Amino acid sequence: MPELPDVEGFREVLSSCGGGRRVTNVEVRDPGVLRGVTVRRLRNEVVGERFGEPRRHGKWLIAPMDDGPVLVWHFGMTGALVCACADEPPDPHDRVVLTLDDERQLRYRDQRKLQGVQLAGNEAAVGHILADLGPDALAVSGEDFRRLLDGRRGAVKNVLMDQSALAGLGNLLSDEILWRAGVAPDRAARELSAAEVRELHTAMRRVLASSVRAARVPPRRSWLTGRRDDPDPRCPRCEGRLRSRRFSGRRTLWCPRCQSRPPGADRDVHPGKGG
DNA sequence: CGCCCGTCCTGTCCGC
DNA sequence: TGCGGACAGGACGGGC
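Laid out in structure tokens, this is it:
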């Protein structure tokens with residue numbers, strides 16, 4: 008699930024539930040989500056600490072604590088951060104539970120455990136963890152966006168999903184943005200026209216703004232995302248049948264009519280004519 | 001470098 | 001009803 012908008016929601020949860028609160032207990036219900044940190048060290052370094060203001064970069068959530076250690080979360084496909092009262096029964100997928108000094112709890116819930124939580128000793132260590140990420144998708148300017156697409160070979164869908172190029176977009180957002188901009192996912196990123204790049208950047212900003220408000224990519228019927236799970240998915244704009252293909256192993260949906268091919272690429276649409 | 005694949009995990013759904 | 005396999009909104013490392 009979690010792409011930039013979801014993680015932005017988790018940041019909000021952490022900020023409103025944990026901001027300024029002291030951690031009174033750390034319960035690791037499944038150490039399988041700890042990355043590069045032991046249960047013992049996590050408890051030693053975090054119990055007694057107070058949360059500062061959390062921030063987000065791409066799909067990463069960064070939670071500094073007042074004495075220097077920093078919790079660094081990634082949510083994989085199924086992770087979430089939820090705020091609960093201490094007397095609420097735990098969910099079977101609650102992997103790490105932080106009890107706060109007001110008897111509420113921050114719970115890291117994750118079915119698949121594809122990612123997890125790290126503990127950085129200081130900000131320099133955080134920088135190391137996030138070193139390979141591109142600029143955050145919410146912060147990137149039109150010019151930077153153009154440069155970043157120009158700097159990559161390959162299909163625009165792969166570039167949008169590449170966290171080292173641009174941080175925050177996942178499979179759903181990428182499809183949604185490409186559809187909104189009318190750009191086919193297999194177009195070469197560096198061969199897009201200036202107008203197409205502007206369309207993409209505008210679509211990205213709008214899709215992100217709506218999604219952040221909803222803390223998820225909203226599954227509206229008027230969005231491509233709202234049609235993904237249909238047995239016969241159709242374009243919300245023209246109701247034509249959507250095409251489906253894998254990009255980097257991820258299912259990709261697009262509308263061949265609304266997401267036009269580059270000039271000349273429809274040359275082989277009628278095989279047998281050309282030779 | 002770009003791209004494909006397997007792998008890390010768990011749960012669900014589909015076909016036999 | 002049971003079981004194997006594919007697949008799910010992510011990321012990483014290896015190999016071509």
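Taking our numbering, the leading residue of the first sequence gets 8, the next gets one more, and so forth. By construction, the Cβ of each residue, glycine as well, lies at the ideal position given by its N, Cα and C atoms. Since the model is a prediction, treat every value here as computed from it, not as a measurement.
Range of the contiguous alpha helix (DSSP H) that encloses Trp186: For the purposes of this step, residue 186 is identified with residue 179 of the first sequence, where counting begins at 1. Residues Asn178 to Ala188.
Which of helix, strand or coil DSSP assigns to Ser251: Here residue 251 refers to the residue found at position 244 of the first sequence. Strand.
Close Cβ partners of Val44 (< 7 Å) along its chain, the five nearest in sequence each way excluded: The residue labelled residue 44 in the question sits at position 37 within the first sequence. If we look at Val44 and ignore the five residues flanking it on each side, its Cβ neighbours are Gln125 and Leu126.
Residue from Glu110, Leu207, Asp74 and Val89 with nearest C-alpha to Leu156: Along the first sequence, one-based indexing puts residue 156 at 149. If we check each option's Cα against that of Leu156, Leu207 comes out closest.
Length of the line joining the Cα atoms of Val224 and Glu52: The residue given as residue 224 occupies position 217 in the first sequence. The residue given as residue 52 occupies position 45 in the first sequence. Val224 and Glu52 have their C-alpha atoms roughly 35 Å apart.
Cβ pair Asp108, Arg28 closer than 9 Å: For the purposes of this step, residue 108 is taken as the residue at position 101 of the first sequence. For the purposes of this step, residue 28 is taken as the residue at position 21 of the first sequence. Yes.
Meets three-Cβ-pair contact criterion under 8 Å: the region 76-90 and the region 9-20: yes
DSSP-derived helix/strand/coil call for Thr259: Here the question's residue 259 lines up with position 252 in the first sequence. Of the three classes helix, strand and coil, the one that applies to Thr259 here is strand, per DSSP.
Reduced DSSP category for Ser22 - H, G, I as helix; E, B as strand; rest coil: As a working note, residue 22 is residue 15 in the first sequence. Helix, per DSSP.
Cβ pair Leu260, Asp193 closer than 9 Å: The count along the first sequence starts at 1 and reaches residue 260 at position 253. The count along the first sequence starts at 1 and reaches residue 193 at position 186. No, Cβ-Cβ distance for Leu260 and Asp193 is not below 9 Å.
Limits of the beta strand (DSSP E) - the one that Leu231 falls within: Here the question's residue 231 lines up with position 224 in the first sequence. Taken as a continuous stretch (DSSP letters only), Leu231 belongs to no beta strand (DSSP E), as it is neither H nor E.
Endpoints, the beta strand (DSSP E) within which Leu155 is located: Within the first sequence, residue 155 is the residue found at index 148, counting from 1. First-last for Leu155: Gly149 to Asp157, but that is the alpha helix (DSSP H), not the beta strand (DSSP E).
Burial state of Asp237 (16 or more Cβ within 10 Å): Within the first sequence, the letter at position 230 stands for residue 237. By the 10 Å Cβ count, Asp237 comes out exposed.
Close-in-space but distant-in-sequence residues of the same chain around Ala210 (CB under 7 Å, 5 per side omitted): The residue given as residue 210 occupies position 203 in the first sequence. Cβ neighbours of Ala210 within its own chain (closer than 7 Å, five residues either side excluded): Ile184, Arg187 and Ala188.
Whether Cys90 touches Arg111 by CB criterion (9 Å): For the purposes of this step, residue 90 is taken as residue 83 along the first sequence, with counting starting at 1. For the purposes of this step, residue 111 is taken as residue 104 along the first sequence, with counting starting at 1. Yes, these two residues count as a Cβ contact at 9 Å.
Thr31: first and last residue of the uninterrupted beta strand (DSSP E) it sits in: The residue you call residue 31 lines up with position 24 of the first sequence. Thr31: member of the beta strand (DSSP E) spanning Val30 to Val35, first to last residue.
Proximity below 9 Å, CB of Phe82 to CB of Asp117: Position 75 of the first sequence, counted from the start, is the residue given in the question as residue 82. Position 110 of the first sequence, counted from the start, is the residue given in the question as residue 117. Contact: yes.
Alpha-carbon spacing of Arg63 relative to Cys262, whole angstroms: Sequence index remark: in the first sequence, residue 63 carries index 56 (1-based). Sequence index remark: in the first sequence, residue 262 carries index 255 (1-based). Each residue's Cα considered, the two are about 32 Å apart.
Beta-bridge pairing of Val77 - partner residues as DSSP gives them: Within the first sequence, numbered from 1, the residue matching residue 77 stands at position 70. Paired residue(s): Pro71 and Ala127.
Under 9 Å between C-beta atoms of Ala146 and Leu176: Position 139 of the first sequence holds residue 146. Position 169 of the first sequence holds residue 176. Their beta carbons are not under 9 Å apart, which means Ala146 does not touch Leu176 by this criterion.
Closest residue to Asp168 among Val190, Gly141, Gly149 and Glu150 (Cα-Cα distance): Here the question's residue 168 lines up with position 161 in the first sequence. One point to set straight first is that residue 168 is Met, not Asp, in the sequence displayed. For the residues Val190, Gly141, Gly149 and Glu150, the minimum Cα distance to Met168 belongs to Gly141.
Beta-carbon proximity check, Ser267 vs Ala196, cutoff 9 Å: The sequence position of residue 267 within the first sequence is 260, counting from 1. The sequence position of residue 196 within the first sequence is 189, counting from 1. Against a cut-off of 9 Å, the Cβ pair of Ala196 and Ser267 comes out as no contact.
N- and C-terminal bounds of the alpha helix (DSSP H) containing Arg102: On the first sequence, position 95 is the one that residue 102 refers to. Unbroken run through Arg102 is the beta strand (DSSP E), Asp101 to Leu107; no alpha helix (DSSP H).
Proximity of Pro71 and Gly59 at Cβ, strictly below 9 Å: As a working note, residue 71 is residue 64 in the first sequence. As a working note, residue 59 is residue 52 in the first sequence. The Cβ-Cβ distance between Pro71 and Gly59 falls below 9 Å.
N-terminal and C-terminal residue of the beta strand (DSSP E) that Arg111 is part of: Your numbering for residue 111 matches position 104 in the first sequence. Arg111 -> beta strand (DSSP E) spans Arg111 to Asp117.
Residues near Ser22 by beta carbon distance below 6 Å, same chain, minus five either side: Position 15 of the first sequence holds residue 22. Result list for Ser22: Pro61, in chain order.
C-alpha distance - Arg154 paired with Arg47, whole-angstrom precision: Counting from 1 along the first sequence, the entry for residue 154 is found at position 147. Counting from 1 along the first sequence, the entry for residue 47 is found at position 40. When rounded, the distance between both Cα atoms is 45 Å.
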